Amino acid sequence: MLKIEDLTVNVLDKKILDSFNMEIPDGEIHAVMGPNGVGKSTICRSILKDPNYSIKNGSIIYNGVDLRDSTTTDIARMGIMMISQSPIAIEGVTNGEMLRIALSEKNNEHIDIFSFQREVKEICEKLNIPESFIHRSINDGMSGGERKKNELLHVWMLKPSFLILDEIDSGLDVDALKEVTKSLKEYHKETNCSMLIITHNPKLLKDLNPDKVHILKNKKIAKTGSIELISEIEDLGFKNYS
Ligand SMILES: Nc1ncnc2c1ncn2[C@@H]1O[C@H](COP(=O)(O)OP(=O)(O)OP(=O)(O)O)[C@@H](O)[C@H]1O
Ligand SMILES: [Mg+2]
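Note that our numbering has the sequence shown beginning at 3, numbered continuously upward.
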């Protein structure tokens, strides 16, 4: 369970979130929608302790641990993973190298190269990405859509228990979006991981069938509802919420 209570976050002395509250029980999918620049990515980055986002008050508790006392590395080890809105490239470190080291750290065991390669190849096939990605530097020289799929390869290999998706759909063409949606549904079914999804894409959200939909406005949750809230937003926009 992730429980965010009374969270106030500043970026460069500007208050972005003010007494923000949200609870995501284990295995549930929650979506956050809201106008541009309202603070959706700020929620994600605060959970991961991005140093540019300064937590002024409140708590973020994951499975009983206060993340304010944890480093980003600790948080990753707890099984929280984010696919960010604009995944960065890391030149000189290949996907394969990073995944093998991360897996052996996570599982505290030596990773057998043959079973590792078999698994990575299977996932590449499932995600419709070339096997050559395994030997390429992380996201380096990849298009926007390829980066999102490459990050999804990391998800399948590292098996997070809490997945944060910040605009996973941006940069994906219609076919790739279908593949990614299918893969996320399959991942959720297989692992029962919790998900926090940020998107402006109503179709993606409806397909992922979230347990709850929250609207972020004026630095806090203005409304929480079920999947029906997505159609309401599609019809009326965000102007009626405050
Ligand atoms: N590192 C930063 N430096 C300066 N301002 C920032 C920084 N990060 C966020 N902000 C500001 O904080 C506010 C909230 O940004 P955030 O990225 O959380 O919005 P968002 O809801 O994710 O928007 P979008 O839908 O466009 O992705 C914006 O006004 C943004 O300009
Ligand atoms: Mg954003």
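Just so you know, even glycine gets a beta-carbon here, dropped at the ideal spot from N, CA and C. Remember, predicted model here, so these are calculated numbers, not experimental data.
Counted as a single uninterrupted DSSP element, the alpha helix (DSSP H) harbouring K42 occupies residues 42-49. Here DSSP, grouped into helix, strand and coil, assigns E148 to helix. CA-to-CA, the gap between S21 and G81 works out to about 26 angstroms.
H32 sits buried, since 16 or more C-beta atoms from the chains shown fall within 10 Å of its C-beta. Secondary structure of A91 (DSSP, three-state): coil. Remark: C-beta atoms of I217 and K225 approach each other more closely than 9 angstroms.
Judged by DSSP secondary structure, H190 falls within the alpha helix (DSSP H) whose first and last residues are 176-193. The shortest CA-to-CA distance from K205 to any of E236, N220, D213 is the one to E236.
S61 places its beta carbon less than 9 angstroms from that of R70.
Within 10 angstroms of the beta-carbon of D168 lie 16 or more other beta-carbons, which makes it buried. S233: not part of any beta strand (DSSP E); member of the alpha helix (DSSP H) spanning 230-238, first to last residue. With fewer than 16 other Cβ atoms from the protein chains shown falling within 10 Å of its own Cβ, K241 counts as exposed. By alpha-carbon distance to I45, the top candidate from L19, N54, G36, Y189 is L19. In this structure, L218 has its beta carbon less than 8 angstroms from a heavy atom of ligand 1.
Taking the CA atoms as reference points, D142 sits about 29 angstroms from L207. A buried status is given to K42, since no fewer than 16 other beta-carbon atoms sit within 10 Å of its beta-carbon.
When the five nearest sequence neighbours on each side are left out, the beta carbons in the same chain lying within less than 7 angstroms of the beta carbon of P162 are those of G81, I82, M83, C195, in order along the chain. In this structure, DSSP gives E7 an extended state, which the three-state scheme calls strand.
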